[in-house]
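Protein chains in written order, with the working numbering: chain A, 1 to 319; chain B, 1 to 319; chain C, 1 to 319; chain D, 1 to 319. One structure below.
Number of protein chains: 4
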Amino acid sequence: MYQVRTDLALETREKFEEDNVEIKGVRLEEEQAASDIHISSVIIETENGAKAMGKPKGNYVTLEAPNMIEEDEGYHREISVQLSRVLKRLLPEGESYTTLIVGLGNRAVTPDSLGPRVVDNLCITRHIIKEFGKYVIGDSCHKSVSSIVPGVMAQTGMESMEIVRGIAKETKPDIIIAVDALAARSTRRLNRTIQITDTGINPGSGVGNHRHALNCESVGIPVIAIGIPTVVDAATIVIDTMNNLLDAMSQAEQIRRIGNSYEKLDMMEKYELVHELLTPQLNTLYVTPKDVDEAVKRLSYTVSEGINIALQKSGKAGG
Amino acid sequence: MYQVRTDLALETREKFEEDNVEIKGVRLEEEQAASDIHISSVIIETENGAKAMGKPKGNYVTLEAPNMIEEDEGYHREISVQLSRVLKRLLPEGESYTTLIVGLGNRAVTPDSLGPRVVDNLCITRHIIKEFGKYVIGDSCHKSVSSIVPGVMAQTGMESMEIVRGIAKETKPDIIIAVDALAARSTRRLNRTIQITDTGINPGSGVGNHRHALNCESVGIPVIAIGIPTVVDAATIVIDTMNNLLDAMSQAEQIRRIGNSYEKLDMMEKYELVHELLTPQLNTLYVTPKDVDEAVKRLSYTVSEGINIALQKSGKAGG
Amino acid sequence: MYQVRTDLALETREKFEEDNVEIKGVRLEEEQAASDIHISSVIIETENGAKAMGKPKGNYVTLEAPNMIEEDEGYHREISVQLSRVLKRLLPEGESYTTLIVGLGNRAVTPDSLGPRVVDNLCITRHIIKEFGKYVIGDSCHKSVSSIVPGVMAQTGMESMEIVRGIAKETKPDIIIAVDALAARSTRRLNRTIQITDTGINPGSGVGNHRHALNCESVGIPVIAIGIPTVVDAATIVIDTMNNLLDAMSQAEQIRRIGNSYEKLDMMEKYELVHELLTPQLNTLYVTPKDVDEAVKRLSYTVSEGINIALQKSGKAGG
Amino acid sequence: MYQVRTDLALETREKFEEDNVEIKGVRLEEEQAASDIHISSVIIETENGAKAMGKPKGNYVTLEAPNMIEEDEGYHREISVQLSRVLKRLLPEGESYTTLIVGLGNRAVTPDSLGPRVVDNLCITRHIIKEFGKYVIGDSCHKSVSSIVPGVMAQTGMESMEIVRGIAKETKPDIIIAVDALAARSTRRLNRTIQITDTGINPGSGVGNHRHALNCESVGIPVIAIGIPTVVDAATIVIDTMNNLLDAMSQAEQIRRIGNSYEKLDMMEKYELVHELLTPQLNTLYVTPKDVDEAVKRLSYTVSEGINIALQKSGKAGG
């Protein structure tokens with residue numbers, strides 16, 4: 001069983017559906033949050049499900065909003081509000097927990113800059129609370145929030161995980177929220193989808209392909225990960241086009257001639273065939289929309305507002 | 001006859017060779033400049049040649065250096081020196097001409113930021129010469145150099161060409177050098193090739209797909225363009241993979257079965273087939289290396305040094 | 001008569017008041033726009049007034065809001081609305097004029113980056129209207145808006161005025177709005193005051209000390225200038241401290257001993273005395289608040305929203 | 001005894017000299033390193049010396065190069081080489097120690113961005129050595145180097161010291177080098193002086209006024225600090241101008257009248273007088289040169305090269 005590269009649990013699950021493979025231990029729940037915001041939850045319940053999906057057990061909530069990418073005067077506040085709702089289900093109960101928010105990725109590479117940019121717009125309170133006490137900040141915002149942009153390994157010589165673990169041991173937050181740019185399989189999902197998961201960041205995920213896990217096991221503190229797909233692997237694009245070719249075979253007269261023989265290959269053979277033909281360089285390339293700078297600028301604001309609402313202004317967004 | 005999207009005249013010409021098509025009115029000259037720098041000139045001599053190539057008549061010099069992408073303490077000074085040599089052949093004679101250097105592209109999109117970054121490192125002298133006279137700058141640097149980063153249309157509401165034409169009419173430089181990030185066909189050429197041409201910037205070229213020409217005809221002043229390919233069109237990647245598949249057919253047992261029927265399609269049919277299968281979104285996507293930030297940072301320095309040497313320090317680089 | 005360096009007409013006028021000098025041809029009007037926004041207009045009506053003030057004839061409206069510098073979830077929308085009201089009085093009548101907005105200053109020097117940052121958040125429409133017609137944008141936003149960040153002379157080799165004049169001749173806007181960071185006399189006004197004037201940018205003004213005028217006379221198109229003081233000249237700080245010393249003389253026993261002799265100097269002697277003692281380096285220094293990055297980030301958003309409301313959403317802000 | 005605010009031990013010592021105060025336990029050594037590079041070492045040997053100087057016991061080496069601020073094609077390599085020489089005296093013996101370099105300060109405030117910018121140009125090797133072993137990097141560069149830009153408290157909610165201590169405990173470097181922008185007393189020293197000290201970063205120092213120490217005591221690992229003064233406190237400028245006034249008294253006829261009474265105040269009275277007259281706002285302001293962006297860009301390169309030479313290319317710079 002092969003895996004097309006995607007960081008979205010929803011896409012991994014869809015792939016099984018396409019291939020008519022049933023997987024046990026994985027449950028799907030859907031809800032329509034607002035007229036144009038669709039929320040699905042993929043819940044991986046068993047170790048077998050985790051193995052099949054290639055992702056750890058846990059909750060993967062996906063918030064899809066086709067218009068998220070469009071310019072909006074209010075920076076899509078309704079999406080921020082829905083994001084904060086989803087987030088609160090995964091956050092601890094009560095009002096007094098402390099949070100460290102981690103902006104993963106490379107600020108200098110536009111599609112990988114989501115995490116650092118989200119951190120730019122957060123309400124940071126830890127230092128104020130430490131100095132003046134929590135009552136100085138106001139009724140609705142007395143949670144301690146700190147943040148770090150660890151940078152990328154080529155710049156720091158360290159794994160993000162090492163940096164975050166060190167800081168977490170030193171400052172002892174109750175929970176970590178890690179924000180990262182993801183790779184999707186489908187170009188349709190680029191910049192239109194937010195995934196929130198309580199499984200943290202796992203090896204191989206993210207635009208920068210994290211090598212080490214950033215999760216409760218590695219850091220010792222629960223890690224919620226928020227991600228938006230901003231790139232597609234170049235290899236995935238090619239493979240999917242080949243598959244479109246396959247799908248189109250039964251319609252287009254022109255390609256029926258090829259299809260007859262290509263179809264006789266099984267999925268694995270097809271994948272290996274394509275993979276063999278891809279130049280080795282393709283593995284270090286990514287595909288991204290031309291307007292990725294504007295998209296990331298807007299999306300980072302939407303995400304940071306979602307986090308701010310969830311952590312700071314609990315009263316206001318409850319309505 | 002179809003055109004795979006590339007801004008490199010050298011690649012367009014190679015395509016004809018691959019397809020065993022002879023084109024008249026296009027001449028190729030090659031030289032080995034240094035142990036690992038290869039210089040080729042594609043000279044489009046006739047209107048027919050221009051039509052076949054899809055590029056205006058003129059000189060297209062390509063400087064290929066496989067190690068250009070690698071880190072180098074001296075920022076590849078030997079490449080800067082070769083670039084300055086090529087540039088001087090296209091620049092006016094004498095020592096007293098004035099130059100406006102235009103950094104095209106979007107500073108906020110990493111692979112499109114080459115032009116703005118090159119301008120950051122230039123020796124700008126026009127204001128000093130205007131105020132103090134040319135003798136203040138020193139023997140070897142008495143040419144007047146100015147620069148502009150026009151920004152992209154989504155930010156300015158204006159074509160780069162309109163901005164440059166307005167400034168050129170106002171400040172009357174003798175020559176314009178426009179620096180831009182390009183799209184290549186082959187991923188092997190990404191960040192390893194510099195193209196210098198006396199035909200300026202033409203519609204459809206560049207990472208940002210310029211809609212208007214920036215050349216002698218549109219601006220009224222000769223325009224030399226310097227470009228480095230930093231992206232490949234997503235569509236090109238897919239088409240080339242399909243062609244690799246074709247090429248591999250005769251070897252790989254596994255795919256001979258398909259090949260027999262696919263081969264019977266002629267080139268045009270193959271292209272249309274692939275194009276039809278590509279999702280429409282693909283046209284707004286680009287493919288770029290994961291380390292594009294480091295590459296553009298280094299390359300921009302190499303290019304700006306090449307321009308500085310050509311314009312300012314004529315004595316030193318002549319050796 | 002000496003002039004303490006300030007770009008705020010309001011401060012120049014105050015100086016005369018302090019010195020008990022009456023100036024003819026300069027009128028002051030005041031209004032309380034909202035509970036904590038104070039608007040004053042200095043109107044220089046005669047050439048004599050202009051000469052005394054050291055500023056051209058015209059309207060200088062100052063919007064003072066002490067809390068402007070504070071963090072605000074809505075980025076001080078009430079200030080943006082007041083700014084748009086003031087702006088509209090100076091803008092042409094009707095709905096069909098075209099505007100070029102110029103972001104003056106140096107993006108790389110934090111307190112001088114106001115202009116470039118304001119431009120980042122504007123609604124730019126000219127290219128959309130040119131391509132699709134004005135009806136595509138919607139009822140309330142059919143004015144054509146373009147923008148340019150000309151950069152600073154050390155980078156471009158050109159005066160901002162040359163660049164803007166060239167672009168204005170090429171694209172023919174009906175009006176220009178230039179945004180710039182200013183120097184104030186009083187540290188109390190830093191980041192708390194917006195000046196809007198129909199006299200454009202004049203020599204010696206701005207953090208970067210523009211050498212050439214950017215006004216109707218030099219560019220051929222009316223120029224409205226919007227500025228916020230983000231620095232104080234180091235020399236001004238010292239002179240004002242010396243004057244505070246003077247003022248304090250009558251109270252503080254300790255310094256009466258000095259005062260007796262210092263007071264005997266007339267204003268001109270005092271100024272020369274201080275000036276003589278200032279090291280020459282002081283002229284190339286500026287004074288700015290430590291949190292200038294956060295202040296400029298917030299203020300630029302407030303100003304760009306004010307411009308957006310004035311130009312694009314005339315219906316909404318009219319209330 | 002009052003202290004004018006300066007982070008340079010050399011200036012603190014000079015102040016005593018000016019005031020004709022002798023301090024015990026503080027030694028000064030001087031050397032002329034090259035024609036225009038002057039190196040002085042202030043060695044604080046006793047606790048009494050430390051108390052008098054207001055700085056911890058240890059070595060404070062100052063490298064003064066008046067032309068450091070000027071543009072230079074080689075980015076002042078001779079200064080980098082001298083810096084590396086000084087640095088090596090303070091670094092551990094042998095070739096196998098590991099180093100964490102900390103870029104302190106705020107990247108968004110130009111004169112405070114020295115630390116983050118220095119880190120941008122470092123040769124980072126830790127991750128390569130961890131993965132491939134030290135022999136892969138080459139003979140002369142087998143030391144492990146990592147780096148972090150912790151950001152400022154308003155952004156992170158954490159003290160830089162907390163972040164660095166956490167990372168240091170996790171990654172266990174043998175030595176830390178912290179780079180920071182400093183405040184000087186004299187505008188003549190701005191951007192022309194490098195201070196290297198083995199006492200680390202101490203409370204109240206730096207453009208950002210660190211509140212917590214980053215030294216061997218607080219972090220558990222020896223900390224070398226490298227700093228360049230890029231600002232002067234606004235208060236210092238005023239006080240020094242007042243003192244110039246005092247100095248000038250004996251010459252200038254005009255001010256002798258004042259001087260007679262002012263001179264009768266003792267130093268403490270003078271300081272209090274001036275301080276009383278300074279507006280409270282002055283304490284949150286700084287003074288910096290107008291070309292601070294270009295200066296910091298160049299100086300950061302010079303410093304990072306000095307560190308690179310000291311840590312990586314020991315053979316080459318030894319000559």
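Each residue gets a CB set at the ideal place from its N, CA and C atoms; glycine is no exception.
Which of helix, strand or coil DSSP assigns to residue i
i	result
THR171 of chain D	helix
ASN308 of chain C	helix
TYR286 of chain B	strand
LEU91 of chain A	coil
ASN191 of chain A	coil
ASP233 of chain C	strand
GLU322 of chain C	Absent from the structure is residue 322 of chain C, since the part of chain C shown begins at 1 and ends at 319.
VAL102 of chain B	strand
TYR97 of chain B	coil
ASP7 of chain B	coil
ALA50 of chain A	helix
VAL21 of chain A	coil
LYS15 of chain A	helix
THR125 of chain D	coil
Pick from the options that is closest to residue i, judged by C-alpha positions
i	options	result
ALA108 of chain C	D:ASP36, D:ASP293, D:GLU95	D:ASP293
LEU285 of chain D	C:ASN308, C:ARG188, C:ALA225	C:ARG188
ASP7 of chain D	D:VAL219, D:ILE101, D:ALA33, D:ILE201	D:ILE201
CYS123 of chain B	C:PRO289, C:LEU87, C:SER84, C:GLY157	C:GLY157
ARG126 of chain A	A:THR197, A:LYS143, A:PHE16, A:SER113	A:LYS143
SER205 of chain D	D:GLU93, D:LEU182, D:THR197	D:LEU182
GLU71 of chain A	A:GLN82, A:GLU305, A:ARG298, A:ASP112	A:ARG298
Under 9 Å by beta carbon: chain B residues contacting residue i
i	result
ALA154 of chain C	ILE124, HIS127
LEU285 of chain A	THR187, LEU190, VAL232, ILE237, VAL287, THR288, PRO289, LYS290
GLY133 of chain C	What GLY133 of chain C touches in chain B: nothing, since even the nearest Cβ is about 15 Å away.
Under 7 Å from the C-beta of residue i: neighbouring residues of chain A
i	result
GLU162 of chain D	GLU170, THR171
GLY335 of chain D	For chain D, the structure presents residues 1 to 319; residue 335 of chain D sits outside this window and is missing.
Partner residues on chain D for residue i, Cβ-Cβ distance less than 8 Å
i	result
ASP293 of chain C	ASN106, ALA108, VAL109
Within chain A, partners of residue i - CB distance below 8 Å
i	result
MET158 of chain D	ARG126, HIS127, SER146, ILE148, ILE167, THR171
GLY208 of chain D	What GLY208 of chain D touches in chain A: nothing, since even the nearest Cβ is about 13 Å away.
GLY204 of chain D	The contacting residues do not exist; GLY204 of chain D stays about 16 Å from chain A at best.
Chain D residues whose Cβ lies nearer than 9 Å to that of residue i
i	result
GLY200 of chain A	Those do not exist, as GLY200 of chain A stays about 18 Å from chain D at its closest Cβ, beyond 9 Å.
At a CB distance below 7 Å, what residues from the region 92-117 of chain C approach chain D? Give them in sequence order. The residues in question are ASN106, ALA108, VAL109, THR110.
Three or more C-beta pairs under 8 Å: does that hold for the region 209-229 of chain B against the region 185-199 of chain B? Enough Cβ pairs lie closer than 8 Å, so yes.
For the region 159-170 of chain B against the region 159-166 of chain C, do three or more pairs of beta-carbon atoms, one drawn from each stretch, fall closer than 8 Å, so that the two count as touching? By the criterion of at least three beta-carbon pairs nearer than 8 Å, the region 159-170 of chain B is in contact with the region 159-166 of chain C.
What are the residues of the region 169-196 of chain C that lie near chain B, defined by any Cβ-Cβ distance shorter than 8 Å? Cβ proximity to chain B below 8 Å picks out LYS169, GLU170, THR171 from the region 169-196 of chain C.
For the region 210-242 of chain A, enumerate the residues whose C-beta is nearer than 7 Å to any C-beta of chain D, in chain order. Flagged: no residues at all.
Decide yes or no for the touch test of the region 207-223 of chain B against the region 178-188 of chain B: beta carbon pairs closer than 8 Å, at least 3 of them. Yes: at least three Cβ pairs fall under 8 Å.
Per the contact definition of three or more C-beta pairs closer than 8 Å, is the region 95-107 of chain D in contact with the region 117-130 of chain D? Yes, the region 117-130 of chain D touches the region 95-107 of chain D.
Listed from N- to C-terminal order along the chain, which residues in the region 49-70 of chain B have their beta-carbon within a distance smaller than 8 Å of any beta-carbon of chain C? Residues: none.
Please list the residues of the region 8-35 of chain A that have a C-beta atom closer than 9 Å to any C-beta atom in chain D, keeping them in chain order. Against chain D - using a Cβ distance shorter than 9 Å - the region 8-35 of chain A contributes no residues.
Would the region 30-42 of chain B count as touching the region 295-315 of chain A if we require 3 or more Cβ pairs under 8 Å? Judged by Cβ distances under 8 Å, the region 30-42 of chain B makes no contact with the region 295-315 of chain A, as fewer than three pairs qualify.
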